[in-house]
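Take a look at the structure:
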């Protein structure tokens with residue numbers, strides 16, 4: 113799986129907002145503060161936050177007292193929600209849903225692999241919330257994947 117810069121930056125920005133939410137759920141955090149703390153280019157961050165706002169993950173308020181905050185509780189926002197909001201479906205084949213592609217002949221079993229890959233991604237990304245990450249609580253099922261042989265090796 114390729115994790116885009118947009119998804120990575122979006123997660124980092126949301127974890128900053130989650131930290132702010134823990135102190136005061138109604139507080140607004142300035143975009144430039146997020147950009148500086150997380151070393152994210154401000155123009156890129158603005159576009160990311162705009163997409164997250166359109167999906168309801170982030171709320172924004174203009175003005176001197178404005179900024180950004182989570183649009184809903186961090187317990188209800190999964191990593192999958194963020195990736196879908198920023199990059200679209202978790203697993204697509206040439207931009208299509210795996211179950212919508214017809215394979216023939218020697219490649220007819222390929223569809224099952226793409227659907228299984230999507231299921232595996234969902235299993236991890238839908239089980240981890242912003243609250244989990246902010247509280248250093250990785251679900252046991254995900255944590256067990258970290259100890260599999262080769263998990264930390266690039267292949």
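In our numbering, the protein residues as written are 113 to 267.
Idealized CB from N, CA, C, for every residue including glycine.
Grab the span of the alpha helix (DSSP H) containing residue i for me, first residue to last.
i           : result
residue 175 : Neither: residue 175 is in no alpha helix (DSSP H) and is coded neither H nor E.
residue 208 : No alpha helix (DSSP H) contains residue 208, which DSSP labels as neither H nor E.
residue 159 : 154 to 166
residue 130 : 117 to 135
residue 148 : 143 to 150
residue 223 : 222 to 237
Is the distance from the Cβ of residue i to the Cβ of residue j below 8 Å?
i           : j           : result
residue 157 : residue 168 : no
residue 119 : residue 198 : yes
residue 164 : residue 122 : yes
residue 126 : residue 194 : yes
Rounded to whole angstroms, what is the Cα-Cα separation between residue i and residue j?
i           : j           : result
residue 232 : residue 171 : 30 Å
residue 256 : residue 241 : 17 Å
residue 150 : residue 124 : 7 Å
Could you name the residues of the same chain whose beta carbon sits closer than 7 Å to that of residue i, not counting the 5 residues immediately before and after it, in chain order?
i           : result
residue 131 : 246
residue 133 : 181, 182 and 186
residue 166 : none
residue 210 : 203, 223, 226, 227 and 230
Just confirm the distance between the C-beta atoms of residue i and residue j, as a whole number of angstroms; I'd bet it's less than 8 Å.
i           : j           : result
residue 154 : residue 145 : No, residue 154 and residue 145 are not in contact; Cβ-Cβ is about 11 Å, not under 8 Å.
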